[in-house]
Structure formats: C-alpha cells, structure tokens
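209 is the number that my numbering gives to position 185 of the sequence shown; each next residue is one higher, with no gaps.
A virtual CB, placed ideally from N, CA and C, is assigned to each residue, including glycine.
This structure is a prediction, so every number in the text was calculated from the model and none was measured.
Okay, so here's the structure we're looking at.
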Amino acid sequence: MGKEEISTTKYLIHAQINANGIVEKPDVVGAIFGQTEGLLSNDLDLRELQKTGRIGRIKVNITSRGGKSKGEIIIPSSLDRVETAILAASLETINRVGPCEAYIQVTKVEDVRAVKRKRVVERAKEIYASMMEEVTPESLRMIEEVKEAMRVHEITEYGEEKLPAGPNVETSDAILVVEGRSDVLNLLKYGIKNAIAVEGVSVPKTVADLTKKKTVTAFVDGDRGGELILKELLQVGEIDYVTRAPRGKEVEDLEKDEIMMALRNKVPVEQFYHELGMQPSKKKTEDKLVLLKNILKELEGTGNAEILDDALNILKEVKVENLYDELSRVNNHPYAVVFDGVITQRLVDISFEKGLKYLVAVRSGDIVKKPHSLKLITGHT
C-alpha cells in the first residue's frame, strides 16, 4: 500500500476465501475483477475505481493444504460508507477462482478513521487526566467558559441560505439534518460536528442537494413540528435514516446520553413512509430497480433463482424448478425474487401471498391476475 493509499483510505474490506483446489493470489485477484465486472454501475466498476485511486491495491494472503485453499482478502476503500458496503457485498457473488469452486464471505468492514479516533481519544484521556491533577476549581470554570465560547465559534454558515451547520458538514460522508440553530449548537456541545439545520418547515435547496451526495440521518424533535419537517424532507430530499428525540422533547434540550441513544436507535427511512402515509422516494426506487436488473443479468443462463430481503441480500438461492416450493416454505420476510426463467401466474400468486414487492425474470407469460402491490420486472421492461 503506497503513501497516497494510506492517506486517503477510509475503510478496509476484510473477506475470507475458501476454494476447492489449489489457487494463488493472481487467480483470486483476477476472479475479483472478472466476476464483478458489469455487476454494478459504471461508477462502481473495480478497474475504474482502482485507476482513479478510489480503491487501493487488493491484498491476498492465501495458503493451500490437502487440495484446498483458504485465506484473507483485504481491499482499501476511499469510497463513502454505502458505496463501500455495496462493493463488499459484490465480492460474495464470486463462485469460482480459476477452474476451482470458491466461496468468499465478507467478515468485516473496518473504519480506519474510527480506529485512529479511538487511539486519539485514549491518548487525550491520558493527557487530560495529567492536566486535571493540577487544575483548580477556578480553572475549571474558566475551561467551561472557553468550551462554551468555542462551541459558538465552531458553528458555521453553509450554502446560499447561510444555514447553521457544524464545521464538518462539507467534509463528512454522513450528516445529520436538524430543525434549527439551537439543535446544531447542542450537538456541537457534545462533539457532533456534522449537523445542518433547515431553519423552518420548508427544506432549503442546499439541504435537498446535500442529501443526494451524503448518507443522511434526519434527527427531528419528538413533536408535531418534527413530523412535519420529516414529511418535507422525505418529499424533497433523499434521506437514509430517521431518528427522533423522545416524545415531547426537542433536540436542543437533549443531554449527551439521550442524543447518543437516539443516534444508536436510528432506523432505515423505509419504515417511516408507511407510518406517515407516503410513497418511497422515486430516486431510491429507481436505484433498487437498477440493482435488481443487474442481478438478473448475472443470473441469466444459470437456471438459478435468488430470494432477496429488502436490502437485496440473498436469503436463499435455489434452482428455478424448485422456486415455487421454496417460496411456499419461506417465512423470513422476502422482498424480491430474481430468477432465470419465466413469470407465471402460479409464481405471481405465491409471491403476492408471501408479501413480495418485486418479481424479476427474463420474461413473463400471460398474467391474468396481477396484484397492484407486486411489481413484475423482466429483462425487456
């Protein structure tokens, strides 16, 4: 890993590989590039990402024994959190290395910056403890005054509307969207520097544009006003997660432990559309359709079917001829089925019964009864 990689890497993807045969590092690297090509959008093509320095040199440590090979793959990434997760998931679609059957499983995605921050915090605690041994009560009061002044000093103005924001909104991959200036100040008080305020129920264009570039958590008050702001955000922005202050409380009044609990308990935005009587974002729906069609492209010619959850993770992979029976038995909330075959009325009926949202196949037969809640997608749609 070169100097440039070390300085820009945000995440390290760690994966375990097992192969039924003797394989070497070049075989593994070749399989990673070859079998992920065309799987994702052009923006996430591994070769292009490596050319532009957005992923680093792929490191493979592999050993062979008794006619089998096993080892570890490490891929440095300077992509954002969502893109890195998608890239990591794509590795698990690889099923051959050279002539050998192989299985790759992502074991973890390590946040390099989090590790550094932990070291900084531990060292800061040591330094602070040594400083406090010599601090008097009068000095403590002065320290608190300086801290308060710094919090006010840290708040910035962002965008054409000069919105109140923490100093890290521009550089952070993830941001919090809150209601007002007081919310931003309270978060700064506890070291959270990536919040931006909408300053009213109407969401400014600057915030709407930001939501399309970053991972966004809406952090709203636990009252009617918070609900109204959330509805507006869902209509004009692309929100990923939602969390709320406790009922009857506002973000500006929360203590540190309440803020941290709220952020830990954030939930995917899809859970809120039904609660608020709204339809999901068209952009997010289009993104999901693209991913489903890419999965179909990968499955064409295999005779296989994949049953997926709402994050498009594989719940079960089966042969197409066994798909109906498998769907009859499945009970872990399937979201979509993608398969190398023909959509029949029988499959439509069982998919509707199981609550699926998408049925994706190479083509469709004559469907007489088509439920509104189930979308039928073919390779020619």
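Beta-carbon proximity check, residue i vs residue j, cutoff 9 angstroms
i: V386; j: V366; result: yes
i: V275; j: L211; result: yes
i: D104; j: D247; result: no
i: A232; j: G250; result: no
i: L320; j: D364; result: yes
i: K399; j: L383; result: yes
i: G185; j: G204; result: Note that residue 185 corresponds to Glu in the displayed sequence, not to Gly. No.
i: L351; j: K312; result: no
i: I199; j: V208; result: no
i: N192; j: K213; result: no
i: T235; j: E262; result: yes
i: V260; j: V227; result: yes
i: I86; j: I41; result: yes
i: P100; j: R120; result: no
i: T60; j: V136; result: no
i: L380; j: A360; result: yes
i: K343; j: G327; result: yes
i: L115; j: A189; result: no
i: I401; j: K317; result: yes
i: L68; j: E96; result: no
i: V84; j: V130; result: no
i: E282; j: K273; result: yes
Assigned secondary structure, residue i (DSSP; H/G/I helix, E/B strand, else coil)
i: D364; result: strand
i: S114; result: helix
i: I401; result: strand
i: A189; result: strand
i: A269; result: coil
i: E274; result: coil
i: V240; result: strand
i: T180; result: strand
i: S375; result: helix
i: I56; result: helix
i: S352; result: helix
i: I46; result: coil
i: S31; result: With a pLDDT of 49 at S31, under the threshold of 50, the modelled position of this residue cannot be trusted; read the value that follows with caution. In this structure, S31 counts as helix in the three-state DSSP scheme.
i: H396; result: coil
i: K69; result: Correcting the residue identity first, residue 69 is Asp in this sequence and not Lys. D69 falls in the coil class under three-state DSSP.
i: L252; result: helix
i: L64; result: coil
Residue(s) in a DSSP beta bridge with residue i
i: N328; result: K343
i: V384; result: V362, I401
i: I391; result: Looking at the DSSP assignment, I391 forms no beta bridge with any residue, so it has no partner.
i: E96; result: Q40, N85
i: P292; result: Y265
i: S102; result: S102 pairs with nothing; no bridge assigned.
i: I338; result: L332
i: I283; result: None; I283 has no bridge partner.
i: I79; result: S101
Residue i Cβ short of 8 angstroms to the ligand GTP heavy atom set
i: A138; result: This structure lacks the ligand GTP, and indeed carries no ligand of any kind.
Quick check on the DSSP output: what are the complete alpha helix (DSSP H) runs of length 4 or more inside the region 105-155, in order along the chain?
105-115
Please give me, in chain order, every unbroken run of the alpha helix (DSSP H) with length at least 4 that falls completely inside the region 189-236.
205-213, 229-234
For the pair the region 112-129 and the region 32-45, tell me if three or more CB-CB distances fall below 8 angstroms.
yes
Can you find at least 3 beta carbon pairs, one from the region 57-66 and one from the region 107-119, that sit closer than 8 angstroms?
yes
Inspect the CB distances between the region 232-243 and the region 251-267 and report whether three or more fall short of 8 angstroms.
yes
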